[in-house]
Amino acid sequence: MIANDPQRAIRDATVAAEPRLIAMRRDIHSVPELAFQETRTAGIVAAELARLGIPHRTGIGRTGVIGEIKGGRPGPTLAIRADMDALPIHEETGIAFASTVDGQMHACGHDIHTTTLLGVAAVLKDLAPQIAGTVRLVFQPAEEVLEGAAAMIADGAAEGVDLAIGFHNHPDMPVGTFGYVRGPCLAASDRFDLIVRGKSGHAAHPDDAVDPIVAAAHFVAQAQTVVSREIKPLHPAVVTVGMFQGGTTYNIIPERVHLKGTVRTLHADARDTAEAALRRLADGLQQMMRVTCDMTYVRKVPPLVNDDRVLDPVIAAVARQMGVAVEEGEPSMGSEDFAEFAALAPSFQLRIGSGAPGRADRLHNAFYQPDEKTIGLGVQALSRAALDLLS
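Following this line, the structure appears as structure tokens:
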């Protein structure tokens, strides 16, 4: 039956595993762990892989786990990656299995991702004789701080990987739907800190001081021209100052102001242009406003670019398994450190609808409640994608 009817085999195996997967998801959800603190979650993953008889390694990238399923014939190595970390958000859902950790919540659905990949492991373990190659199961920490993928790669997680699949739940898409984006899918994420130093003094005598607040405000206003006047109009970019901190009271000009900001771009030349422009603006303040400026600019992750060599066969496999069209969507200026894997091997990130009927949830929200049907549907889609890619 398996050889002749993979759709039914994958569906039946998923249905059998689904109650256990939902129970594990609720357990993980109730005890969320922040970046590089996912020791309990990693323990659950390792225990389940051991139960399934899948060889695995722990402590990869500090708290990551890798399992491998060897196929019955030689072939390429396919990595499938799921993230495990939660967010510093206080949960407000009131559900029975809500977070028991104050100020921490799985508000991005990484609990869904972790259990989905465990379901894929269970299905593909039984289908291993049909697989030509190896499936590497990558359970990654610290996606929310955009550092976990790099940490796992530094520990060898991408060695020998020929192609990779990532996935993310999407509450803006109804459960049961799937989506994709060709080319640049998610933005590069960079960040900057700018310290503007002036000369403190009495607010009534500004001529005896050098005001860093006025200078910093000028930088914030001019930073918006980077996108509108320096980057190609057809290359999306965002420059946002998220923190402006300086001063203590009404009548004192402070000594310094601290700005924090983020830059998001989909194209390499826009990324370079934005950094150069912001540095130039900071340098210009020193002459124009008599302040001194100290900018720290950090490039976090590159854009996530979907490769048609993986995208096309995956969406065809998902359509065959699920009997639905996989809808093309638009890029997002959000970021995702699966881009680190995509920079090393042809890759594709699948969008999996998680929107529950009658709800209008969004990620990173204290009330977020993804539809748990997302788990089984994701297991089927990803299992079929792996089977067809490695057939």
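This note's numbering applies: residue 1357 is where the sequence shown begins, and numbers increase by one.
For each residue, glycine too, the CB sits at the ideal point set by N, CA and C.
- S1545 counts as buried, since at least 16 other C-beta atoms from the protein chains shown sit within 10 angstroms of its C-beta.
- In the three-state reduction of the DSSP assignment, K1656 falls in the strand class, which pools E and B.
- In the structure shown, D1528 falls within a strand segment according to DSSP collapsed to helix, strand and coil.
- Shown here for E1684: same chain residues with a beta carbon closer than 8 Å to its own, the five before and five after excluded, namely G1535, Y1536, V1537, R1538 in chain order.
- Here the C-alpha atom of V1531 lies approximately 12 Å from the C-alpha atom of D1717.
- For T1471, no beta strand (DSSP E) run applies; the uninterrupted alpha helix (DSSP H) run containing it begins and ends at 1466 to 1483, by DSSP.
- When C-beta atoms of the segment 1473 to 1482 are compared with those of the segment 1414 to 1421, fewer than three pairs fall below 8 Å, so the two segments do not count as touching.
- Between the segment 1442 to 1457 and the segment 1717 to 1737 there are three or more C-beta pairs closer than 8 Å, enough to call the two in contact.
- DSSP places E1374 within a helical segment (H, G or I) once states are collapsed to three.
- Under the 10 Å beta carbon count, M1644 is surrounded by fewer than 16 other beta carbons and is classified as exposed.
- With respect to the 9 Å criterion, E1728 and I1400 are not classified as neighbours on the basis of their beta carbons.
- Judged by DSSP in its simplified three-state form, Q1486 adopts helix.
- Straight across, the Cα-Cα distance linking D1439 with T1370 is about 21 Å.
- From the listed residues E1389, A1391, A1571, V1666, the smallest Cα separation to V1613 is found for A1571.
- Following the DSSP letters along the chain, one finds R1553 inside the beta strand (DSSP E) bounded by residues 1544 to 1553.
- When the alpha-carbon of H1526 is set against those of V1501, A1372, S1688, T1419, the nearest one is in S1688.
- When the five nearest sequence neighbours on each side are left out, the beta carbons in the same chain lying within less than 7 Å of the beta carbon of A1633 are those of V1582, E1586, in order along the chain.
- Judged by DSSP in its simplified three-state form, S1556 adopts coil rather than helix or strand.
- Scanning K1588, F1600, R1381, N1607 for the CA closest to the CA of K1616 turns up F1600.
- With a beta-carbon spacing of about 44 Å, A1630 and A1478 fall beyond the 8 Å limit used to define contacts.
- If you look at A1514, you'll find it isn't in any beta strand (DSSP E); DSSP assigns it neither H nor E.
- Three or more Cβ pairs closer than 8 Å define a contact, and the segment 1517 to 1526 meets that threshold against the segment 1692 to 1699.
- With 16 or more other CB atoms across the displayed protein chains lying within 10 angstroms of its CB, P1497 is buried.
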